[in-house]
Amino acid sequence: MSNNGNRWDPKKFKAGEIPDTSVTLTDSLNNKTGSWRSMKPVIEDKYAPCIKACPTNTLIPQYFDQLIRGNLDAAGWILLEHNPIPSVTGRVCPHPCELGCNRGRYDQPISIREIERFVGDHILDKKGIPPKVETGKRVAVVGSGPAGMSAAFYLRRRGHTVVVYEKEEKGGGVLRYGIPEYRLPKKIVDREFQALERMGVQFKYRTTVGKDVTVEQLLQEYDAVFLGHGAMKERHMGIPGEEHFLSGLEFLWEVNHGNLTPPGKKVAVIGGGNVAMDVARALLRLGAEPIVLYRRTEKEMPALKEEVERALEDGIEFRFLTQPVAARKENGKIILTCVKMQLGERDRSGRPRPVPVEGSEHDLEFDAVVAAIGEYVDTSFLPKEALDKDGWLVADRKTGRTPVKGLYAGGDAVLGPATVVEAVGMGRRAAEAIDAYLNGVEDYKPAPLPRTVSFKYIMTEYFPKAPRVEVPELPVEERIKDYFKEEVLGYDLDRAVKEALRCFSCGHCNSCGNCYVFCPDYAIKWVDDKPVVDYDYCKGCGICAQECPRGIITMEFERLF
Amino acid sequence: MAMRLALKGLGNRVMATIPACCWTIIDGAWPNHALKIPLMHTAFETAAIAASGIRAALDVKGEEDVTVMAWAGDGGTFDIGLQALSGAAERNENIIYVTYDNEAYMNTGIQRSSATPYGAWTTTTPVKHPESRPKKNIMEIMAAHRIPYAATATIAFPDDFVRKFRKAKDIVGMRFFHILSPCPPGWKIPSDMSVKVARMAVETKVFPLYEIEDGERVTINYWPEGRPVRDYLMMQGRFKHLTDEQIEHIQQFVDHQWKRLVHLHELTHGSLPEEAQATLTSR
Amino acid sequence: MKLLENSTYTVLKGNHAVSVGAKLARVEVISAYPITPQTTIVELLSEMVASGELRARFITVESEHSAMAGCIGASLAGARAFTATSAQGLALMHEMLHWAAGARAPIVMANVNRAMAPPWSIWTEQTDSLSQRDTGWMQIYNESNQEALDSVILAYKVAEQVRVPAMIVLDAFILSHTSEPVEVYPQEVVDAYLPPYENPNALNLEHPHAIGSLADPNVYMEFRYKLQKAHEEALRVFKEEGQRFKEYFGRAYDTLEAFYLDDADYVLVTAGSMTSTAKYTVAQLREKGEKVGILKIRLFRPFPFEDVRNALRGRKKVAVIDRNISFGHSGIFYSEIKSALYRDSGAPPVFGYIAGLGGRDVRPNDIVEIYEDLKQREEPAEPILWKGVRV
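Residue numbers (the numbering used here), protein chains in the order written: chain A, 1 to 561; chain B, 1 to 283; chain C, 1 to 391.
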């Protein structure tokens, strides 16, 4: 026989020659089963709900993925695509992302902010690289708070010349002069500004727009102007004797300028917002005995829940349903006349309206009173064309564009008192709009966001329940003694990775390989560590789409035309 | 799918034999051969002995490092191949025997086998008189031969699957795998649900993941939170006709079997892991 | 061949002659199940394996079906495989006999002819092996213990060249348990004659392929054609190797064996041990001047049509003595011989005798009576002439 004495080798068979029994000659790849298909899987990254919930739209699962793979720098750069100051937001952000987190519906949401802080700190001194190409276009940024920093960062990245106008002697706005040290150390703010300086952003400190230079002048001098001057005016309560009060912002400004003497021992803090909490907690750390007066109950407080909790942990006294109606000064003390309130019907904000209880007036005696009932935007220096009939600055939320050509705005200046992260998001979006404007794009519209993967597309079977990784913090006894000690210590690498591993990675393929493992037909190929459908062999069974734990694979009808 | 996981666990020095079953077709008609390992097709009832024969040849030729695997369906294992399987097990042949169990004769058009579970519809157990006997407990039969290793696995738990094959690869002697392998047409499920159904079989304790070493030492590998069997049954058209009483009957059967298994685990290990208690009470 | 001087002459039972033949052929895997009267074949082999005299694996399977399946696995994995069985066991193997041939696994098996039950019988009859004639196996019928031993070696030599399995057949008790002097060849001579087994189709890891995969109607027939061609080739190789056998071992074998045939007018056709009785009888008839001879069928599959025609052409009459029966038809050798002679111009009339079923002795007298009967028989021949049936 022709091939006796040798081992079987398909190459020995000529075309058309048949072996003595049905000994196979080839693999089955010539059978292209893809033609049997009526549905086809499409592999495509989508948005996680946390991305959607974050005002900056940071690609959270994407940078987590890099963190888990040990590529810390890559993780940092992905983070910086949408948020230039993660070290800041990683400390002070109210983390709406965590509210959006799908895992919150399963056990507990991911500690996104703590991971952000870890990655942000990792990249903090590495970022700040000057652009490769200078465009020669000049943009003025008014205010160096989060909105201004964000706009400056992304404009400079695109090669524009950026000059930031700041009335204070140092940059940061609310970050430097509002938020207390124990929440956001000034060293972090300093390093953020060093990064901006490394990029080549120019700063004009102690220069107040509206006084030293007008907006109109800036508009003439620069190709575009971004307003990010914030909401730094304290509201008045409109009650008699108010002139004896300090404002919350004033107090924090003083403290952040190094005036660490509290205005008195027993201090009333009026208000239930974040500023009120910062004031009360700062006072405590400076040796005073703050008492928070708030006209509704704990539930209605606009401050972040965790800030309220921390204040309670600190041992700060709260008097709820208490509304000061008048104040007078007697023997160096301030006597506050308060009424008890009760909750009535809901008002426009959706919260129950506080209604005074008749005959409940009572006097309370304090060494000082700090009122922190809200801030508003100063628009007095702005061109009239940029304001509406009520005197509010008009600006598009998605682009920051105002009715004045070349004038853009973002952050609290547009939103009223809001959050750092919203300011960062608006700053970035405005920078993108300004960049388009400088490139001559007339009708710039930001790209729509991709589809979001909702909880029902998450295959929770793949995720054993696991609680959040604990965040190391200073013990309460220790933290209330020292205004300068940062109270949250943050994750180290191990904890950050461990927590990131809890992430479902909604909508982002993290190369888990499920589709590859479960494809009955070897029709998922693995290319550069990612799955790719081989449509020659995919029969469209749909198992990959069913078993993708994170909603990346969707089945679509195979179209004939 | 299961074959891929198995081969992932076993590496590439593997020879296989496959009796009459779906895989007779899947591997491809002449001249095609889908698998990347040498494969001998053999008669329906001979998987275990054909593998033994290959093993003997390799041993004589000094190729002891090559793993020999028999890969058979439930019919070829629970029914017609049981005699040869028992023989190979009793002789403690140094082979791996895998049964991928889809709980009926699927290749021939869904006729009942002794692996068909109670209550299931097949073409020979129609809805009017569905399967009246529980599935044959092949694991206990194999354990009774005191073979070194027997394990259950399913594609829905690929890590467990691959781990067990890796473990089995290094054991000398008869190794047996019982793999639950859903068949979309036979179980009347959409094809994309097959992994989900297999997972649900484990989660409902209908198909526990466990190992039996030396025929005696029982280790449960996965402690399901324990969902009602109804969740598993109602995913599949073949159980759609079941009444509440029948479902309850199945539930009781499953609970009882699980308790036995947990008891054996406890006997083996002296104690139960923390998560075990919940599995005994919850449904 | 000089080395043959080192042969040992010993007295062996037929079954042990087979075992020794297998040992000399250096079988590597034995997969067998006990059945009377085959048992002593595998018992001896088992001892040889246990003592290390034979380097092989012995699989003590749980049935004959598995015995054959194990041989197929071993053979296709590249080992020389051997088994032995009988009657019911052979019938149980039936499926796997087809498989072995279809997979072209050159296994050699010894079948000790035993009558099929019921009624239970452990005594000789050829119906068991002849029932397997369409499975694609070669079949070699043996008259003596020496022939049985030689056939094992020869069978491997032929089977492995054409990759067709071969069955060597011997009668229960009359050969299997009867001692005769047998020449046992030196191993070196057998090694020189029979090279190590190689099967190009065997499973191998370098070029992983599947054996026995599904063949659709477009290709199935071609594989059957190939198997038939292999049998045709086997016939040629068998004759060639039978002659070469003499160069090594001093004995030549052919598809048939002639005894007093040259000038015989009357021919008795036999197979198996009955031939010896017939030879003894014919020798005496010759002394009386009767022109009678014997044609012994050694190779039943592939069937030596040409040799049979040449051997019987021009004879006056032929009697085929069958120790077997195909119910509803006739003796099996009888019908095969007739088909070989069909339309041959010199074909003699052929008469079929059924004798010795279930181990009943066929004695010299019986042969004489058959011969006498043959001489006076006129055509047309009856399909079956029963010899010695008591009804």
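Note that beta-carbon positions come from the ideal geometry of N, C-alpha and C, so glycine has one too. From a predicted model like this one, the values you see are computed outputs, not experimental measurements.
DSSP, reduced to helix, strand and coil, places H257/A outside both helices and strands of the structure shown, so it counts as coil. Excluding residues up to 5 positions away in sequence, M3, L7, A16 and D27 lie with their Cβ nearer than 8 Å to the Cβ of L35/B in the same chain.
Of all residues in the segment 240-263 of chain B, none is placed with a Cβ closer than 7 Å to any Cβ belonging to chain C. Contact annotation, E345/A with R353/A: C-beta distance approximately 6 Å; criterion of less than 8 Å satisfied. Less than 7 Å divides the Cβ of R104/C from the Cβ of D20/A.
Fewer than three beta-carbon pairs drawn from the segment 511-528 of chain A and the segment 53-60 of chain A are found closer than 8 Å, and the two stretches are therefore not classed as touching. Residue ranges of uninterrupted alpha helix (DSSP H) with 4 or more members, entirely inside the segment 393-419 of chain A and ordered along the chain, are 412-415. Ranked by Cα distance from Q257/B, the first of F207/B, A48/B and M40/B is F207/B.
At least one CB atom of chain B sits nearer than 7 Å to the CB of D27/A. Where V195/B is concerned, the enclosing alpha helix (DSSP H) starts and stops at S194 to E203. R301/C is positioned such that its CB atom lies no closer than 7 Å to that of Q126/C.
Boundaries of the alpha helix (DSSP H) around T24/B: C22 to I26.
For T277/C, the enclosing alpha helix (DSSP H) starts and ends at M274 to E287. Counted as a single uninterrupted DSSP element, the stretch harbouring M232/A is not any beta strand (DSSP E), since DSSP gives it neither H nor E. In this structure, A172/C lies near R114/C, with their beta-carbon atoms less than 7 Å apart. Residues of chain C whose Cβ lies closer than 8 Å to the Cβ of L35/B are, in chain order, P208 and A210. V488/A and R206/A have their C-alpha atoms some 32 Å from each other. Against chain C, a Cβ distance below 8 Å from M15/B picks out A77, L203 and L205. Cβ proximity to chain A below 9 Å picks out P184, P190, S191, D192, M193 and S194 from the segment 172-194 of chain B.
Interface annotation, A215/C: in contact with chain A, CB-CB separation under 7 Å. Membership of N111/C in the beta strand (DSSP E) is indicated by the continuous run V108 to N113.
For P158/B, the neighbours in chain A by C-beta distance under 7 Å run, in chain order, V517. Counting only Cβ-Cβ distances below 9 Å, G542/A has contacts in chain B at P190, S191, D192 and M193, in chain order. In the structure shown, the three-state DSSP call for T135/A is coil. By the Cβ test, the segment 300-315 of chain C is not in contact with the segment 352-367 of chain C, since fewer than three Cβ pairs between them sit closer than 8 Å.
For the set I110/A, D528/A, T379/A and K32/A, the Cα lying nearest the Cα of V215/A is the one of T379/A. For the set G16/A, F64/A and D125/A, the Cα lying nearest the Cα of A48/A is the one of F64/A. By the CB criterion at 7 Å, L180/B and A198/B fall inside the cutoff.
With its beta carbon at least 7 Å from every one in chain C, W223/B lies outside the interface.
Within chain C, not a single residue places a beta-carbon under 9 Å from that of L10/B; the smallest gap is close to 13 Å. In this chain, P181/C is not harboured by any alpha helix (DSSP H); it is covered by the beta strand (DSSP E) spanning S179 to V184. When 9 Å is used as the limit between beta carbons, G102/C is near these residues of chain A: T21 and S22, in chain order. If you draw a 10 Å sphere on the C-beta of E243/A, you find fewer than 16 other C-beta atoms in it, and that means exposed. A contact between stretches requires three or more CB pairs, one per stretch, nearer than 8 Å, and the segment 271-279 of chain A meets this requirement with the segment 294-311 of chain A. In the structure shown, H94/C falls within a helical segment according to DSSP collapsed to helix, strand and coil. Under the Cβ criterion of 7 Å, L39/B is counted among the residues facing chain C.
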